[in-house]
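K.L.:
Below: one structure in structure tokens.
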Amino acid sequence: MSDKLVAFCFPGQGSLEVGMGREIAEAVPEAMDVFERGSAAADLDLRRLCFEAGEEELVETEIQQPALVATSLAVLEAIKARGIKPDFVIGHSVGEFAALAAAGAMRFEEALALVRERGLAMAEAAKRNPGSMAAILGLDDEVVERICRRILNVWPANYNCPGQIVVSGENLAVDEACELAEREGARRAVKLRVSGAFHSPLVARAADRFRPALERVKFAEPAAPFMSTVTARIETAKRMGPLLVEQLTAPVRFTQAAQALVREGVHTFVEVGPGTVLSGLVKRIDRSARTISVSTPESLDRLEETLTSV
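In terms of our numbering, the sequence shown has 236 at position 255, counting the first letter as 1, and numbering is strictly consecutive.
Right under this line is the structure:
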């Protein structure tokens, strides 16, 4: 195995930044083109949303998801313009759509149209079946899973890194899980600023609405292997549609998927898009891993320098 294998990682909801993508789009024409063509695909003014909108507008699920994925895809095009390609791709929740586009499994316009529909479906499901999510910090996975089994209508939702699991469910059930986690010795239990109980059975209605849109897409075999955060395995084109439906109600197994990439020989993880959330998680999953977050022209230069020196 080579220590030069590189995985591109695409962030999910929660990584948004006001003004995201503007700097790199103004510097790299290929990146700006994603916002222009993507706006038509998603039927949203992605340039205005990403470059100018305030946080209060961006945090809405149906806006945040396409804005995040558009930014990641714009950064990806800037990276590709430097001739840099991934050996593997992985995405956290909605980031899987950017990952699949990066691997050539679908066009980026298709990814953005799907993500817009996904966001609308999830927002509608959350209004019909209210819930919340909370990050439990400082407990082993098994302890959090046991807590969820003891309380009705709360489930593990995101396995982010060792000692950090997000739970999802009905509001009172999540509050109870937070209290019980703190009694079990959790360092903290933090309610997240989200509009619903995502990655839980409470948003099953979203999966039902979203399925027909995915069934119309013909996925190509990825040019770079796609590591699913639903199964923590490399998956092929025929599995992609069903997994993107299942993803809405299934937990995000980012810890297990990143560990599987390390076993495949990946040593460098490039976070493609706003924020540094995934880089921080990867470092907690494997301290020896090299991480690079790319969202600006300066970080793009650092990426090129780093990869040529490996």
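Cβ atoms here follow ideal geometry from the backbone N, Cα and C, with glycine treated the same way.
1) Can you tell me whether L296 is buried or exposed, with buried defined as 16 or more other CB within 10 angstroms of its CB?
2) What is the DSSP secondary structure of A82, reduced to helix, strand or coil?
3) My assumption, with CB atoms under 8 Å, is that R97 sits in contact with A23. Please give the rounded CB distance.
4) Rounding to the nearest angstrom, what Cα-Cα distance links A92 and A82 in this structure?
5) Please report the residue range of the beta strand (DSSP E) in which F250 lies.
6) Tell me the rounded alpha-carbon separation between F78 and K199.
7) In or out: R3 buried (at least 16 other Cβ within 10 Å) or exposed?
8) Can you tell me which of the three DSSP states Q228 falls into?
9) At what residues does the beta strand (DSSP E) containing L169 begin and finish?
10) Taking the C-alpha atoms as reference points, what is the distance between L242 and A107?
11) First and last residue of the alpha helix (DSSP H) that includes G150?
12) Starting from G2 and walking both ways along the beta strand (DSSP E), at which residues does that stretch end?
13) Short of 7 Å in beta carbon distance, which residues of its chain neighbour S20, apart from the five on each side in sequence? Order them along the chain.
14) Checking the sheet assignment: what are the DSSP bridge partners for P137?
P.N.:
Walking through what the data contain:
1) In the structure as shown, the chain starts at -18 and stops at 291, and residue 296 therefore has no counterpart that could be examined.
2) Locating residue 82 in the sequence shown gives position 101, counting from the first residue. Helix at A82.
3) Within the sequence shown, numbered from 1, the residue matching residue 97 stands at position 116. Within the sequence shown, numbered from 1, the residue matching residue 23 stands at position 42. Their Cβ separation, rounded to whole angstroms, is 4 Å, which keeps R97 and A23 in contact under 8 Å.
4) Counting from 1 along the sequence shown, the entry for residue 92 is found at position 111. Counting from 1 along the sequence shown, the entry for residue 82 is found at position 101. Their backbone Cα atoms lie some 7 Å apart in a straight line.
5) In the sequence shown, residue 250 corresponds to position 269, counting from 1. According to the DSSP assignment, F250 belongs to the beta strand (DSSP E) that extends over 247 to 253.
6) Taking the first residue of the sequence shown as position 1, residue 78 is located at position 97. Taking the first residue of the sequence shown as position 1, residue 199 is located at position 218. Distance between the alpha carbons of F78 and K199: 14 Å.
7) For the purposes of this step, residue 3 is taken as residue 22 along the sequence shown, with counting starting at 1. With 16 or more other Cβ atoms within 10 Å, it is buried.
8) Walking along the sequence shown from the start, residue 228 turns up at place 247. It is coil, neither helix nor strand.
9) Position 188 of the sequence shown, counting from 1, holds the residue named residue 169. Rather than Leu, the amino acid found at residue 169 in this sequence is Arg. Unbroken beta strand (DSSP E) run through R169: 169 to 172.
10) Here the question's residue 242 lines up with position 261 in the sequence shown. Here the question's residue 107 lines up with position 126 in the sequence shown. In a straight line, the C-alpha of L242 is about 33 Å away from that of A107.
11) Along the sequence shown, one-based indexing puts residue 150 at 169. No alpha helix (DSSP H) holds G150; the beta strand (DSSP E) holding it covers 145 to 150.
12) Counted from its first residue, the sequence shown places residue 2 at position 21. Premise fails: G2 is in no beta strand (DSSP E) and is neither H nor E.
13) One-based indexing of the sequence shown puts residue 20 at position 39. These residues qualify, in order along the chain: D26, L27, R28.
14) Residue mapping note: residue 137 aligns to position 156 of the sequence shown, counting from 1. Looking at the DSSP assignment, P137 forms a beta bridge with V148.
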